[in-house]
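Asker: Numbering (our numbering), first residue to last: 6 to 430. Note that the Cβ used here is the ideal one computed from N, Cα and C, for glycine as well. Every value quoted in this text rests on a predicted model; they were computed, and no experiment measured them.
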Amino acid sequence: MSESVKLIYNGNEFELPVIFGSEGERAIDISTLREKTGFITLDTGYANTGSCESAITYINGEKGILRYRGIPVEQLAEHATFKETAYLLINGRLPTREELTRFSVLLNDHSLVHEDMRAFYENFPRSSHPMGILSSMVNALRSFYPELQNLEEEINMTVTRLLSKVRTLAALSYKISRGHKVVYPRPDLAYCSNFLNMMFDSPVRPYELDEDVVRALRVFWILHADHEQNCSTSAVRLVGSARVTLYAAISAGIAALWGPLHGGANQAVIEMLSEIAEKKNMKKAVERAKDKKDPFRLMGFGHRVYKAYDPRARIMKKMADKVLAKLNISDPLLDIAKELEEIALKDDYFIEHHLYPNVDFYSGIVLRAIGIPTNMFTVLFAIGRLPGWIAQWRESIDDPKWKLYRPRQIYIGPKETSFVPIDER
Ligand code: ACO
6 MSESVKLIYN GNEFELPVIF GSEGERAIDI STLREKTGFI TLDTGYANTG
56 SCESAITYIN GEKGILRYRG IPVEQLAEHA TFKETAYLLI NGRLPTREEL
106 TRFSVLLNDH SLVHEDMRAF YENFPRSSHP MGILSSMVNA LRSFYPELQN
156 LEEEINMTVT RLLSKVRTLA ALSYKISRGH KVVYPRPDLA YCSNFLNMMF
206 DSPVRPYELD EDVVRALRVF WILHADHEQN CSTSAVRLVG SARVTLYAAI
256 SAGIAALWGP LHGGANQAVI EMLSEIAEKK NMKKAVERAK DKKDPFRLMG
306 FGHRVYKAYD PRARIMKKMA DKVLAKLNIS DPLLDIAKEL EEIALKDDYF
356 IEHHLYPNVD FYSGIVLRAI GIPTNMFTVL FAIGRLPGWI AQWRESIDDP
406 KWKLYRPRQI YIGPKETSFV PIDER
């Protein structure tokens, strides 16, 4: 039975349909609101606005639940590979053994990047941030791999290329930034191991793969693989809605992810913890975070959707303990992070504002332990988020209700005013 809500304004009644999600979430369909009433809705930051119906990821922020295609992220982190997770997100179900083998072969076949792309890297200033480089390089891929005639084939090929080449591009940017010899992908290595090998293998010190390090990276990537309509995913959908190429849409997603309020927070957390360690000013940091007049925030705390403990942060925290113990590393930043969490979780301000550690709070400590430099943290997040961006883009272009994203506004500028010639101003 269909349900609706009534809007009453100046004695007139307007009926708007209610839409239900499969987990019981409810939305008022306002798509006819302006036509029927002349009103638009205003929702700065879109905190109460659903931009689409999606069957990919379910989050319950109050209960701390995250599922991809119905499967709890905890189960995927425990049992799945990153490749299986990517397949699940993009194709809507887990692959069979044959499908997974075919997928692996394709990813391997497309893992090299055009040699001419290396010239770009050599001309970026040495101090460039790798996220800026990655965003440009992904957009540049279109020039090297022109469009195929068959749309379905083109989409499948672009998806495979992106999943495989972004990993190579990221490792390449690291090697070139250090002035080191580039390491090519190896067909005998799995997705995560291959990346680690491209990052850290050297002619003078062959990289030894450690099972726990590979696992840590795999779990990190699985936990980041999708997060429904977050800022970068919305950027991918919005830019994609203009029917640009998938490369351009993903490039926009990478640019959005770079921001310190979004994916850039994993780098910002380490910088904040290092400053606390150096200046021994944890209490001051907490006080500053609570001060309305101070723009400082506890990085890695708070989330637009989670008003409970982020389930990804819980897994990352355990992973940090495990990896550091395995590698016999004692990182003072982990102790500071735990102490900070303890103080914040007992503090009225953080309790009242429902502020808990988010995925970025412990992830940087894991990445540091496995040797990833701080300015590459967000790049690793981008590689992890790629399957989600692709799945969301694909869902949007397949949606029969698809529309160009074009929000409206309430204009608050000057009323009509005449042009004043320059000598009279
Ligand atoms: N430290 C201190 N206060 C905070 C924090 C924080 N980290 N986060 C939110 N608050 C406070 C705000 O000051 C605000 O207080 P007020 O209502 O008294 O004015 C209230 O909590 C709500 O904050 P908003 O910014 O309105 O909430 P929003 O949902 O827009 O913010 C965000 C979410 C951007 C993630 C925010 O919590 C934040 O800035 N956190 C730090 C950055 C961070 O860790 N980002 C990574 C997020 S996870 C990801 O993108 C992968």
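Closer than 8 Å is the cut-off here; do at least three beta carbon pairs connect the segment 411–429 with the segment 58–75?
Answerer: Segments in contact, no.
Asker: Tell me whether G307 is buried or exposed, calling it buried when 16 or more other Cβ atoms sit within 10 Å of its Cβ.
Answerer: With 16 or more Cβ atoms within 10 Å of its Cβ, G307 is classed as buried.
Asker: Write down the C-beta distance between K239 and S56 rounded to the nearest angstrom, noting that I regard them as a contact closer than 8 Å.
Answerer: The identity of residue 239 in the sequence shown is Ser, whereas the question assumes Lys. Yes, S239 and S56 are in contact; Cβ-Cβ is about 7 Å, under 8 Å.
Asker: Following a CB-centred definition, is D365 positioned closer than 6 Å to any heavy atom of the ligand ACO?
Answerer: Correct: D365 has its Cβ closer than 6 Å to the ligand ACO.
Asker: May I ask which residues mark the beginning and end of the beta strand (DSSP E) holding I33?
Answerer: Per DSSP, I33 belongs to the beta strand (DSSP E) from R31 to I33.
Asker: Residues bridged to R72 by DSSP?
Answerer: For R72, which the question treats as bridged, DSSP gives the partners Y63 and P77.
Asker: So if DSSP puts K11 in a beta bridge, which residue, or which two residues, is it bridged to?
Answerer: Looking at the DSSP assignment, K11 forms a beta bridge with E20.
Asker: Using a threshold of 6 Å, is the CB atom of M287 nearer than that to any non-hydrogen atom of the ligand ACO?
Answerer: No.
Asker: Hey, out of S59, V10, E28 and V171, whose CA is closest to W398's CA?
Answerer: With distances taken between Cα atoms, W398 lies closest to S59.
Asker: Is any heavy atom in the ligand ACO found nearer than 6 Å to the beta carbon of R72?
Answerer: Outside the cutoff, so no.
Asker: Buried or exposed: D353, going by 16 or more other Cβ atoms within 10 Å of its Cβ?
Answerer: It is exposed - the Cβ of D353 has fewer than 16 other Cβ atoms within 10 Å.
Asker: Going by DSSP, what residue range makes up the alpha helix (DSSP H) through I227?
Answerer: Element bounds for I227: E216 to H229.
Asker: Going by the C-beta, is G29 closer than 6 Å to any heavy atom of the ligand ACO?
Answerer: Every heavy atom of the ligand ACO is 6 Å or more from the Cβ of G29, so no.
Asker: Return helix, strand or coil for F25, following the three-state DSSP convention.
Answerer: Strand at F25.
Asker: Residues in the same chain with beta-carbon distance under 7 Å from D206, minus the five sequence neighbours each way, listed in chain order, please.
Answerer: Answer for D206: V188 and Y212, listed in chain order.
Asker: Counting pairs of beta carbons, one from the segment 387–406 and one from the segment 338–356, are three or more of them closer than 8 Å?
Answerer: Cβ pair count under 8 Å is below three, so no.
Asker: At what residues does the alpha helix (DSSP H) containing M162 begin and finish?
Answerer: Taken as a continuous stretch (DSSP letters only), the alpha helix (DSSP H) holding M162 covers L156 to S182.
Asker: Taking T90 as part of the alpha helix (DSSP H), name the residues at either end of that continuous run.
Answerer: F87 to N96 is the span of the alpha helix (DSSP H), which, as asked, contains T90.
Asker: Quick one: what's got a C-beta closer than 6 Å to K170's C-beta in the same chain, skipping five residues either side?
Answerer: Contacts found: V118.
Asker: If you scan the segment 234–307 from start to end, which runs of the beta strand (DSSP E) of 3 or more residues do you find wholly inside it?
Answerer: The segment 234–307 contains no whole beta strand (DSSP E) run of 3 or more residues.
Asker: Work out the CA separation of R223 and L329 for me, nearest whole Å.
Answerer: When rounded, the distance between both Cα atoms is 16 Å.
Asker: Determine the closest residue to P362 out of A313, P378 and R39, with distance taken between C-alpha atoms.
Answerer: Among A313, P378 and R39, the Cα nearest to that of P362 is on A313.
Asker: Identify which residue in H115, H84, L350 and F355 has its Cα closest to the Cα of P190.
Answerer: With distances taken between Cα atoms, P190 lies closest to H115.
Asker: Would you report the Cα separation of D34 and V23, rounded to the nearest angstrom?
Answerer: Each residue's Cα considered, the two are about 6 Å apart.
Asker: Considering only residues of the same chain and omitting the five flanking positions on each side of K68, which have a CB-CB separation below 7 Å?
Answerer: Hits under 7 Å: A313.
Asker: What does the Cβ neighbour count give for H84, buried or exposed, with the cut at 16 atoms within 10 Å?
Answerer: With fewer than 16 other Cβ atoms within 10 Å, it is exposed.
Asker: Tell me whether L21 counts as near the ligand ACO, meaning its Cβ is closer than 6 Å to at least one heavy atom of that ligand.
Answerer: No, Cβ of L21 sits at least 6 Å from all heavy atoms of the ligand ACO.
Asker: So does H359 have its beta carbon nearer than 6 Å to some heavy atom of the ligand ACO?
Answerer: Checking every heavy atom of the ligand ACO against the Cβ of H359, none is found closer than 6 Å.
Asker: Could you please give the first and the last residue of the uninterrupted alpha helix (DSSP H) stretch that includes I348?
Answerer: Start and end: P337 to K351.
Asker: How about the segment 93–104 and the segment 252–264: do they share at least three Cβ pairs that are nearer than 8 Å?
Answerer: Not touching, per the Cβ criterion.
Asker: Does the Cβ of H308 lie closer than 6 Å to at least one heavy atom of the ligand FMN?
Answerer: The ligand content of the structure shown is limited to the ligand ACO, which means the ligand FMN is not among them.
Asker: Return helix, strand or coil for P135, following the three-state DSSP convention.
Answerer: Helix, per DSSP.
Asker: Roughly how many angstroms lie between the CA atoms of H229 and L81, to the nearest whole one?
Answerer: In a straight line, the C-alpha of H229 is about 12 Å away from that of L81.
Asker: Out of I95, R39, A91 and A374, which has the shortest C-alpha to C-alpha gap to E400?
Answerer: When each option's Cα is compared against that of E400, the closest is I95.
Asker: Residue ranges of each beta strand (DSSP E) run of no fewer than 3 residues wholly in the segment 399–430, ordered along the chain?
Answerer: The qualifying runs do not exist here; there are none.
Asker: Assess contact between the segment 315–326 and the segment 269–287, defined as three or more Cβ pairs (one per stretch) separated by less than 8 Å. Is contact present?
Answerer: Touching, no.
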